[in-house]
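Asker:
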Amino acid sequence: MSTVLALDQGTTSSRSLLFSREGVVKKLLQQEFTQHYRKPGWVEHDPEELWESQLATARGVLDGESDVACVGITNQRETTLVWERETGRAIHPAVVWQSRQSVSICEELRARGLTDLVRERTGLVIDAYFSGSKVRHILDAVPGAQARAEKGELCFGTVDSWLLWKLTGGRVHATEPSNASRTMLYDIHKGDWDDELLRELNIPRAMLPEVLPSSGLFGVTDAEVLGRALPITGVAGDQQAALFGQGCHSKGQAKSTYGTGCFLLMNTGREAKSSESGLLTTIAWQLGDEVSYALEGSVFVGGAVIQWMRDELGLISDAAESEALAASVEDTNGVYLVPAFTGLGAPHWNSEARGVITGLTRGAGRAHIVRAGLESIAYQVHDLVQCFKQDAGGELSELQVDGGASGNDFLMQFQADVLGVPVLRPECLEVTAFGAAALAGLGAGVWTDEAELASVTAEAARFSPDMSEERRQELLSGWDRAVTRASS
Ligand code: ADP
22 MSTVLALDQG TTSSRSLLFS REGVVKKLLQ QEFTQHYRKP GWVEHDPEEL
72 WESQLATARG VLDGESDVAC VGITNQRETT LVWERETGRA IHPAVVWQSR
122 QSVSICEELR ARGLTDLVRE RTGLVIDAYF SGSKVRHILD AVPGAQARAE
172 KGELCFGTVD SWLLWKLTGG RVHATEPSNA SRTMLYDIHK GDWDDELLRE
222 LNIPRAMLPE VLPSSGLFGV TDAEVLGRAL PITGVAGDQQ AALFGQGCHS
272 KGQAKSTYGT GCFLLMNTGR EAKSSESGLL TTIAWQLGDE VSYALEGSVF
322 VGGAVIQWMR DELGLISDAA ESEALAASVE DTNGVYLVPA FTGLGAPHWN
372 SEARGVITGL TRGAGRAHIV RAGLESIAYQ VHDLVQCFKQ DAGGELSELQ
422 VDGGASGNDF LMQFQADVLG VPVLRPECLE VTAFGAAALA GLGAGVWTDE
472 AELASVTAEA ARFSPDMSEE RRQELLSGWD RAVTRASS
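Quick note, the sequence shown lines up with residues 22 to 509 if you use this note's numbering.
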């Protein structure tokens with residue numbers, strides 16, 4: 022038995038991938054599902070459609086395969102479901118992480134002075150992103166739900182729990198620490214649901230899943246559901262799975278995912294580091310009794326700036342074209358683009374900031390602006406990395422990268438140049454799914470230890486810094502000036 026099935030349940034699609042022992046994707050199926058926007062700012066998924074799309078792709082990938090050892094799950098984080106223990110029927114649509122429907126619940130929690138308690142216990146800021154206020158919203162929205170939850174008739178789960186429940190035919194109601202640490206209900210230091218926060222949100226313990234280690238046996242798939250009985254042996258939220266899939270198993274290692282936004286996570290080892298710069302403290306994973314922690318931060322507008330230059334400005338016709346165009350000029354000719362479309366996150370935290378293009382002269386052209394757009398992604402990641410170094414107290418020796426925009430060689434080289442450390446890109450960019458496969462494969466003995474996995478995730482491309490310190494400082498101070506303009 023040497024292949025591993027990874028279920029990658031994302032925000033817009035459900036995917037199933039079959040990985041070989043060598044870490045190669047043997048098969049991949051993907052199915053999109055509907056996004057529901059019942060009210061402005063609300064985003065919901067149909068729990069049955071989530072499940073059916075995941076099941077269809079899993080069955081398709083398993084078809085004709087006799088060599089599958091185990092199943093791993095990775096998932097969109099924080100998205101919240103509540104279902105009936107008796108029937109497995111969801112009582113409300115899945116409330117998606119981006120959804121703002123529980124904003125007023127969060128405002129009330131802040132007004133009650135719970136900000137410090139939430140940060141101390143959970144490593145998070147009070148925000149509608151996280152599951153706790155979404156559970157409260159569901160229990161308020163559905164008549165009779167609170168009483169039923171108190172009687173133990175309802176189950177709460179993030180998407181991993183929902184899939185575990187469905188896959189095991191309702192036998193397993195569980196989650197693991199990387200997902201639990203995004204609920205705003207989990208004490209990341211004690212490793213247990215927090216009674217005080219549960220009380221504040223009036224969420225009965227009876228509806229919570231059991232928290233198991235991220236790698237190890239969660240349950241066995243129901244043969245009537247999936248077509249065969251397979252052990253489910255690894256689970257992690259998508260960003261943590263990507264960190265694991267990148268081979269960032271040790272303290273100080275970090276990865277950056279360049280998608281629509283950029284997500285950075287740094288492994289801080291056994292220590293839960295608190296942040297001075299507004300980064301989140303989170304659990305990376307738990308192997309046996311050992312919990313690994315991470316710091317997490319994000320850039321709101323990453324690859325999205327490329328989409329904007331394509332769709333709104335018409336400067337390029339596809340994202341990949343940005344690479345050759347940026348490389349066709351020597352520099353941006355003094356142009357900086359700060360894509361603060363929705364404000365600026367860490368370390369600036371200015372929600373009033375808006376985008377600017379600075380340094381325009383008569384000589385500035387399309388290529389300069391596109392180059393400035395690409396460079397803005399690297400500068401924002403640079404600024405975030407400074408926060409990581411400060412909070413984690415150490416240097417970053419290299420950065421692992423993945424995500425759609427990490428395929429852009431110009432961007433990756435510029436990233437290495439402004440960071441002053443090598444940027445490493447793996448051969449297989451499916452690191453999130455591979456992370457789930459790796460956790461599952463470790464749990465089932467397909468791989469014996471993390472060292473063996475390292476040989477599987479060998480780098481394919483290395484971008485070494487190749488810029489003088491003087492030039493680096495000059496560019497960074499230009500960027501800082503542009504950020505100041507965006508902020509005023
Ligand atoms: P997500 O998971 O957030 O949908 P992906 O990892 O699929 O994102 O990456 C898509 C993003 O990457 C888009 O914002 C797109 O503009 C950007 N992108 C894709 N290819 C390139 C490229 N070659 N150069 C720059 N940006 C790119």
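Don't be surprised by glycine CBs; every beta carbon is placed ideally from N, CA and C. These numbers were taken from a predicted model, which means no experiment stands behind them.
In the DSSP assignment, the alpha helix (DSSP H) including Val377 goes from what residue to what residue?
Answerer: That residue, Val377, is in no alpha helix (DSSP H); its beta strand (DSSP E) goes 377-379.
Asker: Can you tell me whether Leu334 is buried or exposed, with buried defined as 16 or more other CB within 10 angstroms of its CB?
Answerer: By the neighbour-count rule (16 or more Cβ atoms within 10 Å), Leu334 is not buried but exposed.
Asker: What are the residues that DSSP puts in a beta bridge with Leu371?
Answerer: Residue identity differs from the one stated: residue 371 is Asn in this sequence, not Leu. Answer is Leu365, bridged to Asn371.
Asker: Counting only runs of 3+ residues fully inside the region 135-212, write out the beta strand (DSSP E) ranges in chain order.
Answerer: Complete beta strand (DSSP E) runs here, min 3: 175-179.
Asker: How about Ser489 and Asn371: are their beta carbons less than 9 Å apart?
Answerer: It is not a contact, given that the beta carbons lie outside the stated cut-off.
Asker: Just to check, is the beta-carbon of Glu99 closer than 8 Å to a non-hydrogen atom of the ligand ADP?
Answerer: Glu99: no, Cβ never under 8 Å from the ligand ADP.
Asker: For Ile224, which three-state DSSP category applies?
Answerer: Of the three classes helix, strand and coil, the one that applies to Ile224 here is coil, per DSSP.
Asker: Please list, in chain order, all residues of the same chain as Leu486 whose beta carbon is under 8 Å from its beta carbon, the five residues on each side excluded.
Answerer: Checking the sequence shown, residue 486 turns out to be Pro, not Leu. Cβ neighbours of Pro486 beyond the five flanking positions: Ala437, Asp438, Leu440, Gly441, Val442, Pro443.
Asker: Which residue's Cα is closest to the Cα of Pro61: Ser123, Thr32, Glu416?
Answerer: Comparing Cα-Cα distances from Pro61 to each of Ser123, Thr32, Glu416, the minimum goes to Ser123.
Asker: What does the alpha-carbon distance come out to for the pair Ser41 and Lys47?
Answerer: Distance between the alpha carbons of Ser41 and Lys47: 7 Å.
Asker: What does Ile126 pair with, by DSSP beta-bridge criteria?
Answerer: Paired residue(s): none; Ile126 is not in a bridge.
Asker: Whose C-beta lies closer than 7 Å to the C-beta of Thr189 among residues of the same chain, with five residues either side of it excluded?
Answerer: Hits under 7 Å: Gly240, Val241, Thr242, Asp243.
Asker: Taking only heavy atoms of the ligand ADP into account, decide whether any of them is closer than 8 Å to the Cβ of Tyr279.
Answerer: It does: the Cβ of Tyr279 is within 8 Å (strictly closer) of some heavy atom of the ligand ADP.
Asker: Taking 6 Å as the limit between beta carbons, can you name the residues of its chain near Ser202, skipping five residues before and five after?
Answerer: Only Ile209, Thr303, Ile304 meet the Cβ criterion.
Asker: Would you identify the three-state DSSP class for His57, choosing helix, strand or coil?
Answerer: The answer is strand: DSSP assigns His57 an E or B state.
Asker: Sort out for me which residues DSSP pairs Ile304 with in a bridge.
Answerer: Looking at the DSSP assignment, Ile304 forms a beta bridge with Tyr314.
Asker: Of the residues Ala162, Gln494, Thr204, which one's Cα is nearest the Cα of Asp181?
Answerer: Nearest option by C-alpha distance: Thr204.
Asker: Cutting at 6 Å between CB atoms, please list the residues of its own chain near Gly109, excluding the five before and the five after it.
Answerer: Gly191, listed in sequence order.
Asker: Rounded to whole angstroms, what's the CA-CA distance from Thr353 to Pro164? Just pull it up for me.
Answerer: Rounded to whole angstroms, Thr353 to Pro164 spans 58 Å at the Cα level.
Asker: Look at the alpha carbon of Asn429 and the alpha carbon of Ile253, and state the distance between them as a whole number of angstroms.
Answerer: Approximately 35 Å, taken between the alpha carbons.
Asker: From Arg331, Gln119, Asn223, pick the residue whose C-alpha is nearest to that of Gly31; which is it?
Answerer: Ranking the options by Cα distance to Gly31, first place goes to Gln119.
Asker: Taking 8 Å as the cut-off, does the region 253-272 touch the region 86-103 (at least 3 CB pairs, one atom from each stretch)?
Answerer: The answer is yes - the region 253-272 touches the region 86-103, with three or more Cβ pairs under 8 Å.
Asker: Pull the bridge partners of Ile253 from the DSSP assignment, please.
Answerer: Paired residues: Val92, Gly240.
Asker: In whole angstroms, give me the CA-to-CA distance for His158 and Arg140.
Answerer: Answer to the nearest angstrom: the Cα atoms are 21 Å apart.
Asker: Can you tell me where the beta strand (DSSP E) with Gly290 in it begins and where it stops?
Answerer: Run containing Gly290: 283-290, per the beta strand (DSSP E) assignment.
Asker: Count the other CB atoms within 10 Å of the CB of Arg133; is the residue buried (16 or more) or exposed (fewer)?
Answerer: Arg133 comes out exposed.
Asker: Would Gly173 be called buried (16 or more neighbouring beta carbons within 10 Å of its own) or exposed?
Answerer: When all chains shown are included, Gly173 counts as exposed.
Asker: Tell me which same chain residues have a C-beta within less than 7 Å of the C-beta of Val193, skipping the five on either side of it?
Answerer: Cβ within range, chain order: Leu185, Trp186, Phe239, Gly240.
Asker: Considering just the uninterrupted stretch of the alpha helix (DSSP H) at Pro360, what are its terminal residues?
Answerer: Careful: Pro360 lies outside any alpha helix (DSSP H) and carries neither H nor E.
Asker: Taking the CB atoms as reference points, tell me whether Leu206 and Val146 lie closer together than 9 Å.
Answerer: For Leu206 and Val146, no; Cβs fall outside 9 Å.
Asker: Which residue comes first and which comes last in the beta strand (DSSP E) that contains Val25?
Answerer: Segment 24-30, the beta strand (DSSP E) holding Val25.
Asker: Thr33: which of Gln307, Ala465, Pro447, Glu53 sits nearest, CA to CA?
Answerer: The shortest C-alpha separation from Thr33 is found at Glu53.
Asker: Within a Cβ cutoff of 7 Å, which residues of the same chain sit near Val350, ignoring the five residues on either side of it in sequence?
Answerer: Result list for Val350: Ala388, His389, Arg392, in chain order.
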